[in-house]
Amino acid sequence: MADPSPLLKYRWKILAALIAAVLLLILFVRWWRGPEVLFDKVVRRDFVQSVVATGHVETPHRVDVGVQITGTVIRIPVSEGQNVKLGDVLIELDPAELRASEQQAGIAVSQAQRRVRQLREVQAPVAEQALRQAQANLNNAQTILRRNENLFQKGFISAAALDDFRKAVELADAQVQSTGKQLATTQPNGSDYALAEGAVSEAGANAKAASARARYTVVKAAMDGTLIGRNVEVGDVVQAGKVLMTLSPVGSTQLIVEIDEKNLRLLALGQNALVAADAYPQQRFAAQLGISTPASMPRPARSASSLT
0 MADPSPLLKY RWKILAALIA AVLLLILFVR WWRGPEVLFD KVVRRDFVQS VVATGHVETP
60 HRVDVGVQIT GTVIRIPVSE GQNVKLGDVL IELDPAELRA SEQQAGIAVS QAQRRVRQLR
120 EVQAPVAEQA LRQAQANLNN AQTILRRNEN LFQKGFISAA ALDDFRKAVE LADAQVQSTG
180 KQLATTQPNG SDYALAEGAV SEAGANAKAA SARARYTVVK AAMDGTLIGR NVEVGDVVQA
240 GKVLMTLSPV GSTQLIVEID EKNLRLLALG QNALVAADAY PQQRFAAQLG ISTPASMPRP
300 ARSASSLT
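Residue numbering for the sequence shown follows numbering that gives the first Met the number 0, starting at 0 and increasing by one per position.
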């Protein structure tokens with residue numbers, strides 16, 4: 000059998016020699032280029048300074064809730080921390096006394112209205128009849144006077160008797176004037192009628208006031224919000240002007256933070272900010288610097304927790 004080719008006989012030696020040559024070439028190139036240096040590319044950008052501060056969240060305003068009358072609390076259907084809607088009942092007072100006053104006021108209205116009806120349906124017709132009777136008496140007295148004046152001229156009666164007939168006419172005329180005035184007072188433009196109508200108006204106003212006071216026994220929420228304070232319990236006797244509950248309205252919130260004086264020069268109204276909250280560690284909330292007071296108390300218009 001013939002001997003193998005010299006290339007095949009020494010193929011492993013040749014391969015090893017080639018690998019060694021390549022390694023020597025790589026080492027030579029690295030030696031020639033020198034050591035490798037890491038660097039970052041310089042980019043032109045705006046210089047940014049950050050101000051970090053912590054604070055607490057609150058609403059822009061709070062609503063104090065109280066009562067308008069003195070009364071005893073009989074029901075409180077809400078509790079602290081509860082969300083309420085516009086019109087929800089917050090406090091209810093005992094309405095018994097005010098309901099009685101409301102009924103009395105209603106009775107007074109009915110009585111005043113009956114007085115007007117009495118003037119219109121009874122007293123006015125009676126006064127009209129009395130006036131007609133007085134006028135008839137006057138006419139009769141005047142007729143008798145004229146007859147007796149003729150008799151006096153003929154000498155059949157004395158002057159004294161004629162004076163008596165004249166006095167009768169004057170008395171009848173006075174009676175007509177009196178009954179006429181009485182009738183006038185019962186008419187819509189008369190004094191008695193005006194007094195009766197005034198009594199109706201006054202009683203109606205008192206009834207409305209009593210009804211309004213009765214409605215004050217139920218205190219309702221004036222807006223949507225969260226009840227963050229409660230200083231009243233069932234059975235308490237409460238008075239007007241005392242704060243019984245505090246309501247935080249629904250809406251935008253603000254973050255109250257204290258900024259170190261050395262950083263005040265870096266702040267300006269309208270600057271944007273980011274807010275981080277412990278309850279949401281993976282989120283950031285957008286905010287804006289709304290107010291910067293002399294006491295270093297900037298108030299972002301919209302926020303959630305600590306400012307970063």
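Quick reminder that beta carbons are idealized off the backbone N, C-alpha and C, glycines included.
Remember, predicted model here, so these are calculated numbers, not experimental data.
Next item on the list: Just the C-alpha distance for Ala206 and Thr185, rounded to the nearest angstrom, thanks.
Entry: By one-based count along the sequence shown, residue 206 stands at place 207. By one-based count along the sequence shown, residue 185 stands at place 186. So the alpha carbons of these two residues sit roughly 26 Å apart.
Notebook entry, point to check: Just how far apart, CA to CA, sit Asn138 and Ala107?
Noted result: Counting from 1 along the sequence shown, the entry for residue 138 is found at position 139. Counting from 1 along the sequence shown, the entry for residue 107 is found at position 108. Asn138 and Ala107: Cα-Cα distance of roughly 44 Å.
Next item on the list: Grab me the residues of Gly189's own chain with a C-beta within less than 7 Å of its C-beta, minus the 5 sequence neighbours each way, in chain order.
Entry: Here residue 189 corresponds to residue number 190 of the sequence shown, with the count starting at 1. The answer, listed in chain order, is Ala183.
Item checked: Start and end residues, alpha helix (DSSP H) containing Asp163 -> Sequence index remark: in the sequence shown, residue 163 carries index 164 (1-based). DSSP places Asp163 inside the alpha helix (DSSP H), whose first and last residues are 158-184.
Note to self: Please report the straight-line C-alpha distance between Thr245 and Ala221, rounded to a whole angstrom.
What the structure shows: Working through the sequence shown from its first residue, we reach residue 245 at position 246. Working through the sequence shown from its first residue, we reach residue 221 at position 222. So the two alpha carbons sit approximately 12 Å from each other.
Notebook entry, point to check: Is the segment 259-270 in contact with the segment 235-249, if contact means three or more CB pairs nearer than 8 Å?
Noted result: Flag = no, the segment 259-270 and the segment 235-249 do not touch.
Note to self: Using CA atoms only, rank isn't needed, just tell me which of Phe164, Glu120, Gln282, Ala173 is closest to Gln132.
What the structure shows: For the purposes of this step, residue 132 is taken as residue 133 along the sequence shown, with counting starting at 1. Comparing Cα positions, the closest option is Ala173.
Notebook entry, point to check: From Ile90, Ala167, Gln81, Arg283, pick the residue whose C-alpha is nearest to that of Thr69; which is it?
Noted result: Along the sequence shown, one-based indexing puts residue 69 at 70. Ranking Ile90, Ala167, Gln81, Arg283 by Cα distance to Thr69 puts Ile90 first.
Next item on the list: Quick one: give me the first and last residue of the beta strand (DSSP E) that Ser247 is part of.
Entry: Walking along the sequence shown from the start, residue 247 turns up at place 248. Element bounds for Ser247: 244-248.
Notebook entry, point to check: Any idea if Tyr279 is buried or exposed, counting beta-carbon neighbours within 10 angstroms, 16 or more meaning buried?
Noted result: Looking up residue 279 in the sequence shown gives position 280. With fewer than 16 other Cβ atoms inside 10 Å of its own Cβ, Tyr279 counts as exposed.
Note to self: Do Leu97 and Arg229 have their beta-carbon atoms positioned less than 7 Å apart in this structure?
What the structure shows: As a position in the sequence shown, residue 229 is number 230, starting the count at 1. As a position in the sequence shown, residue 97 is number 98, starting the count at 1. With a cutoff of 7 Å on beta-carbon distance, Arg229 and Leu97 are scored as not near each other.
Item checked: Simplified DSSP assignment, three categories, for Thr69 -> Taking the first residue of the sequence shown as position 1, residue 69 is located at position 70. In the three-state reduction of the DSSP assignment, Thr69 falls in the coil class, being assigned neither a helical nor a strand state.
Next item on the list: Report the option in Ala126, Thr252, Val256 whose CA atom is closest to the CA atom of Gln176.
Entry: Along the sequence shown, read from residue 1 onward, the residue named residue 176 stands at position 177. The option with the nearest alpha carbon to Gln176 is Ala126.
Next item on the list: Just confirm the distance between the C-beta atoms of Ala198 and Ala111, as a whole number of angstroms; I'd bet it's less than 8 Å.
Entry: Counting from one through the sequence shown, the residue named residue 198 turns up at place 199. Counting from one through the sequence shown, the residue named residue 111 turns up at place 112. About 4 Å; that satisfies the 8 Å criterion.
Check: Ends of the beta strand (DSSP E) at Asp63?
Finding: Your numbering for residue 63 matches position 64 in the sequence shown. Counting along the chain, the beta strand (DSSP E) containing Asp63 begins and ends at 62-64.
Check: In terms of DSSP beta bridges, what is Arg74 paired with?
Finding: Taking the first residue of the sequence shown as position 1, residue 74 is located at position 75. Under DSSP, Arg74 takes part in a beta bridge, and its partners are Glu91.
Margin query: Pull the bridge partners of Arg229 from the DSSP assignment, please.
Written below: Residue 229 sits at position 230 when you count from the first residue of the sequence shown. DSSP lists Met244 as partners of Arg229.
Note to self: Let's test the definition: count the other Cβ atoms within 10 Å of the Cβ of Ala16 and tell me whether it reaches 16, buried, or not, exposed.
What the structure shows: Counted from its first residue, the sequence shown places residue 16 at position 17. Exposed.
Notebook entry, point to check: Considering only the beta carbon of each residue, do Leu118 and Ala195 sit closer than 7 Å?
Noted result: For this step, residue 118 is matched to residue 119 along the sequence shown. For this step, residue 195 is matched to residue 196 along the sequence shown. The answer is yes: Cβ separation under 7 Å.
Note to self: Are the CB atoms of Asn147 and Leu170 within a distance shorter than 7 Å?
What the structure shows: Here residue 170 is taken as the residue at index 171 of the sequence shown, counted from 1. Here residue 147 is taken as the residue at index 148 of the sequence shown, counted from 1. No, the Cβ-Cβ distance between Leu170 and Asn147 is not below 7 Å.
Next item on the list: Only counting runs of 3 or more residues, tell me where the beta strand (DSSP E) segments fall wholly within the segment 86-144, in order along the chain.
Entry: Correct list: 88-92.
Margin query: Taking 7 Å as the threshold (C-beta atoms), are Ile255 and Gly54 in contact?
Written below: Looking up residue 54 in the sequence shown gives position 55. Looking up residue 255 in the sequence shown gives position 256. Cβ atoms of Gly54 and Ile255: closer than 7 Å.
Margin query: So, under 8 Å CB-CB, Thr252 and Asn82 are touching, yes? Tell me the CB distance rounded to an integer number of Å.
Written below: In the sequence shown, the residue the question calls residue 252 occupies position 253. In the sequence shown, the residue the question calls residue 82 occupies position 83. That belief does not hold up - the Cβ atoms of Thr252 and Asn82 are roughly 15 Å apart, past 8 Å.
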